[in-house]
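Engineer: All residue numbers for the sequence shown refer to the working numbering, where the first residue is 3 and numbers rise by one.
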Amino acid sequence: MRLRPAHVLGLAAVLAIAGLAWSALSAAPPEEPAVPRAAAPPAEPGLDLSDLRRAEGELGEDVALERPEALAGFHAALRRAAAGQGQARVLVYGGSHTAGDLYVGRMREALQSRFGDAGHGFLPLVPWVDHHWAWGMRVDEAEGWGMETVGFKHRDVGRYGLAGAAYVTDEAGAFAAVEADTWGNGRDASRLELLYDRRPGAGSLEVWIDGRHVETLSTASDAPAAGRAVYPVSDNTHRLEVRAVGDGPVTVFGVVMERDAPGVLVENLGLVGSKARHQLLWEPRLWRALFETRRPDLVALAYGNNETTDTHLSIAEHEGHLREVMARIQRAAPEASCLLIGPTDRPRIADDGSLAAREVVGELSEMQRRVAADLDCAFFDTLAFQGGLGGGVAWLAHDPPYMRPDRQHLSREGYLRWGEVLTRALLDDFP
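Structure, rendered in structure tokens:
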């Protein structure tokens with residue numbers, strides 16, 4: 003993927019924010035891909051939570067949600083889906099843990115197998131990194147696009163769309179595409195949506211679906227506004243591609259692939275290096291206009307790990323940011339249930355060279371528990387799931403390892419375990 007310097011905040015800087023660890027998750031070493039295209043087996047017919055692994059005296063034991071009653075609205079949506087009368091729609095925001103689509107993908111697989119498959123949902127139109135991976139889908143290597151998001155060089159409010167990243171080009175012929183993979187659930191769609199920015203003087207995009215040119219879309223408008231082009235298609239697997247005409251700059255945010263059918267939609271809005279406070283720099287009117295189209299029944303936030311190195315901010319400041327983010331979400335989706343997913347353990351190297359607990363992880367977890375209680379949200383204690391503060395040391399030593407050597411990201415097996423336990427926790431109080 004060629005990134006245009008005029009538009010990019012500096013990918014090296016972003017990866018530095020993420021501890022250079024996401025590349026270890028997504029890059030594919032010759033001998034064995036870290037996150038291969040088929041990182042988990044395809045959904046089996048009739049897969050249900052009873053088919054998923056349960057920890058019995060092992061690492062990653064089941065943990066109940068705190069305040070499961072806060073999920074009443076989400077559970078009502080699940081009942082409608084199970085009865086064939088509607089959809090249950092879940093949005094998950096977070097950093098690289100979430101963006102990798104392993105724990106979220108496992109949740110999507112299990113919930114759709116039980117309640118019905120309503121599609122994959124949101125996908126970035128341009129890959130964040132090489133070998134970008136999404137469960138059951140492909141984000142092609144794009145050409146000619148740059149990326150804008152919150153980072154070292156962007157501290158002002160920007161038009162970052164639904165998930166915090168805008169992809170921009172003024173190059174004729176620049177292209178990007180997403181399509182269904184060859185395995186997995188959530189691959190079919192009967193409606194495709196292109197999310198883009200409308201601005202004065204903006205250019206045009208050719209939109210191609212399944213190899214057929216369907217329209218040339220102007221992204222120009224008299225005033226900045228959210229753009230959303232909807233394309234009904236047959237209920238099947240599809241490919242959507244865009245090509246810049248070159249008559250002005252264009253900005254895209256992503257594609258939604260979903261079905262007009264009862265079931266569950268679990269949308270991954272994770273972004274590498276993202277922190278809760280970054281959402282406060284997403285231009286609010288644009289974000290809300292796109293967010294409201296997703297009609298969520300449950301909004302989950304999984305932040306905290308990237309905040310552990312923000313030594314210039316106090317826990318009280320992190321709490322203020324999180325409360326403001328949650329206030330925005332609850333104003334935009336007042337009927338949606340909410341869930342805070344606590345940070346994972348992140349062992350540090352002590353002065354004597356041994357591995358020790360990073361105390362700030364526990365402080366951030368307790369802060370999120372407090373915010374969840376005050377805002378009537380459910381809370382998942384990820385530290386408890388890992389065996390408590392410092393539990394990451396045992397996760398590193400597990401066979402197979404449940405944590406990567408960077409001591410921040412989980413392994414494939416660790417993420418899948420997390421997704422299974424989270425899914426069971428979501429349904430513990432479900433009739």
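Beta carbons: idealized from backbone N, C-alpha and C, even for Gly. Computed from a predicted structure; not experimentally measured.
What does the alpha-carbon distance come out to for the pair Leu-67 and Gln-87?
Structural biologist: Taking the straight line joining both Cα atoms gives about 27 Å.
Engineer: Quick one: complete alpha helix (DSSP H) runs, 4+ long, within the stretch 144-221?
Structural biologist: You should have found no qualifying run.
Engineer: In angstroms with no decimal places, state the Cα-to-Cα distance between Arg-110 and Gln-89.
Structural biologist: Each residue's Cα considered, the two are about 13 Å apart.
Engineer: Given Gly-421, which residues of its chain have a CB within under 6 Å of its CB, disregarding the five upstream and five downstream residues?
Structural biologist: The residues are Tyr-105, Arg-108 and Met-109.
Engineer: Within this structure, are the beta carbons of Glu-285 and Gly-138 separated by less than 9 Å?
Structural biologist: Against a cut-off of 9 Å, the Cβ pair of Gly-138 and Glu-285 comes out as no contact.
Engineer: Spell out the partners DSSP gives Gly-62 in its beta bridges.
Structural biologist: Bridge partners of Gly-62: none, in fact.
Engineer: Got a sec, what are the start and stop residues for the alpha helix (DSSP H) Asp-376 sits in?
Structural biologist: Asp-376 -> alpha helix (DSSP H) spans 361-376.
Engineer: Would you call the stretch 254-264 in contact with the stretch 301-313, where contact means no fewer than 3 C-beta pairs closer than 8 Å?
Structural biologist: Result no; under three Cβ-Cβ pairs closer than 8 Å.
Engineer: Exposed or buried, which one is Phe-432 when buried takes at least 16 other CB atoms within 10 Å?
Structural biologist: Counting Cβ neighbours within 10 Å, Phe-432 comes out exposed, since fewer than 16 surround it.
Engineer: Ends of the alpha helix (DSSP H) at Leu-341?
Structural biologist: From DSSP, Leu-341 is part of no alpha helix (DSSP H) but of the beta strand (DSSP E) over 339-343.
Engineer: On the DSSP letters alone, give me the boundaries of the beta strand (DSSP E) that His-122 sits inside.
Structural biologist: 121-125 is the extent of the beta strand (DSSP E) around His-122.
Engineer: Label His-323 either buried or exposed according to how many other C-beta atoms from any shown protein chain fall within 10 Å of its C-beta, with 16 as the threshold for buried.
Structural biologist: Under this definition His-323 is a buried residue.
Engineer: In chain order, what are the residue ranges of uninterrupted alpha helix (DSSP H) at least 4 long that sit wholly in the stretch 292-345?
Structural biologist: The stretch 292-345 contains these whole alpha helix (DSSP H) runs: 317-334.
Engineer: Enumerate in chain order the residues of its own chain whose CB-to-CB distance from Val-301 is below 7 Å, with the five nearest sequence positions on each side excluded.
Structural biologist: Hits under 7 Å: Leu-93, Ile-331, Ala-335, Ala-338 and Cys-340.
Engineer: For Ala-42, is the classification buried or exposed, using 16 other Cβ atoms within 10 angstroms of its Cβ as the cut-off for buried?
Structural biologist: Caution is warranted here: a pLDDT of 41 is assigned to Ala-42, below 50, making its placement in the model unreliable, and the coordinate value is therefore given only provisionally. Buried, because 16 or more other Cβ atoms sit within 10 Å of the Cβ of Ala-42.
Engineer: Cβ of Thr-221 within 9 Å of Cβ of Arg-201?
Structural biologist: It is a contact, given that the beta carbons lie within the stated cut-off.
Engineer: Does Ser-444 come out as helix, strand or coil in the three-state DSSP assignment?
Structural biologist: Outside the displayed range of the chain (3 to 433) lies residue 444, so it cannot be described from this structure.
Engineer: Run the CB neighbour count on Asn-238, radius 10 Å, all protein chains shown included, and call it buried at 16 or more, exposed below.
Structural biologist: Classification of Asn-238: exposed, given that the 10 Å Cβ count is below 16.
Engineer: Which residue's Cα is closest to the Cα of Val-152: Gln-281, His-320 and Asp-224?
Structural biologist: It is Gln-281 whose Cα lies nearest to the Cα of Val-152.
Engineer: For Pro-349 and Ser-367, which I take to be in contact (beta-carbon distance under 8 Å), what is that distance rounded to the nearest angstrom?
Structural biologist: Going by Cβ atoms, the distance from Pro-349 to Ser-367 rounds to 15 Å, so no, they are not a contact pair.
Engineer: Span of the alpha helix (DSSP H) holding Asp-117?
Structural biologist: Residue identity differs from the one stated: residue 117 is Phe in this sequence, not Asp. Start and end: 105-117.
Engineer: Alpha carbons only, please: which of Val-423, Gly-250, Val-395 and Ala-227 is nearest the one belonging to Ser-356?
Structural biologist: Cα-wise, what sits closest to Ser-356 is Val-395.
Engineer: What is the C-beta distance between Val-247 and Ala-204, in whole angstroms, given that I count them as a contact (C-beta under 8 Å)?
Structural biologist: Not a contact, Cβ separation roughly 11 Å.
Engineer: Work out the CA separation of Trp-147 and Val-170 for me, nearest whole Å.
Structural biologist: Taking the straight line from one Cα to the other gives about 6 Å.
Engineer: Where does Arg-333 land, buried or exposed, given buried means 16+ other C-beta within 10 angstroms?
Structural biologist: Classification for Arg-333: exposed.
Engineer: According to DSSP, simplified to helix, strand and coil, what is Gln-89?
Structural biologist: In the structure shown, Gln-89 sits in a strand (DSSP, three-state: E or B).
Engineer: Thinking C-alpha only, which one of Thr-311, Leu-377, Glu-326 and Ala-375 is nearest Glu-361?
Structural biologist: Considering only alpha carbons, the answer is Thr-311.
Engineer: Grab the span of the beta strand (DSSP E) containing Phe-382 for me, first residue to last.
Structural biologist: 380-382 is the span of the beta strand (DSSP E), which, as asked, contains Phe-382.
Engineer: Taking all protein chains shown into account, do 16 or more other C-beta atoms lie within 10 angstroms of the C-beta of Pro-32, making it buried, or fewer, making it exposed?
Structural biologist: Low confidence applies here, because Pro-32 scores a pLDDT of 27, under 50, leaving its location unreliable; read the following figure in that light. Exposed, since its Cβ has fewer than 16 Cβ neighbours within 10 Å.
Engineer: What residue range is occupied by the uninterrupted beta strand (DSSP E) comprising Arg-140?
Structural biologist: First-last of the beta strand (DSSP E) with Arg-140: 139-141.
Engineer: Cβ of Asp-64 within 9 Å of Cβ of Val-327?
Structural biologist: No, the Cβ-Cβ distance between Asp-64 and Val-327 is not below 9 Å.
Engineer: Rounded to a whole number of angstroms, what is the C-alpha to C-alpha distance between Tyr-404 and Leu-391?
Structural biologist: Between Tyr-404 and Leu-391, the C-alpha separation is close to 15 Å.
Engineer: Look up Val-423 in the DSSP assignment and say whether it is helix, strand or coil.
Structural biologist: Helix, per DSSP.
Engineer: Which whole-angstrom value describes the C-beta separation of Phe-124 and Glu-269, a residue pair presumed to lie in contact below a C-beta threshold of 8 Å?
Structural biologist: Yes, Phe-124 and Glu-269 are in contact; Cβ-Cβ is about 5 Å, under 8 Å.
Engineer: Would you check whether the ligand GDP has a heavy atom nearer than 8 Å to the C-beta of Glu-150?
Structural biologist: As presented, the structure is devoid of all ligands, the ligand GDP included, so that no description of it is given.
Engineer: Checking 9 Å against the spacing of the C-beta atoms, do Ser-276 and Ala-399 come in under that value?
Structural biologist: Their beta carbons are not under 9 Å apart, which means Ser-276 does not touch Ala-399 by this criterion.
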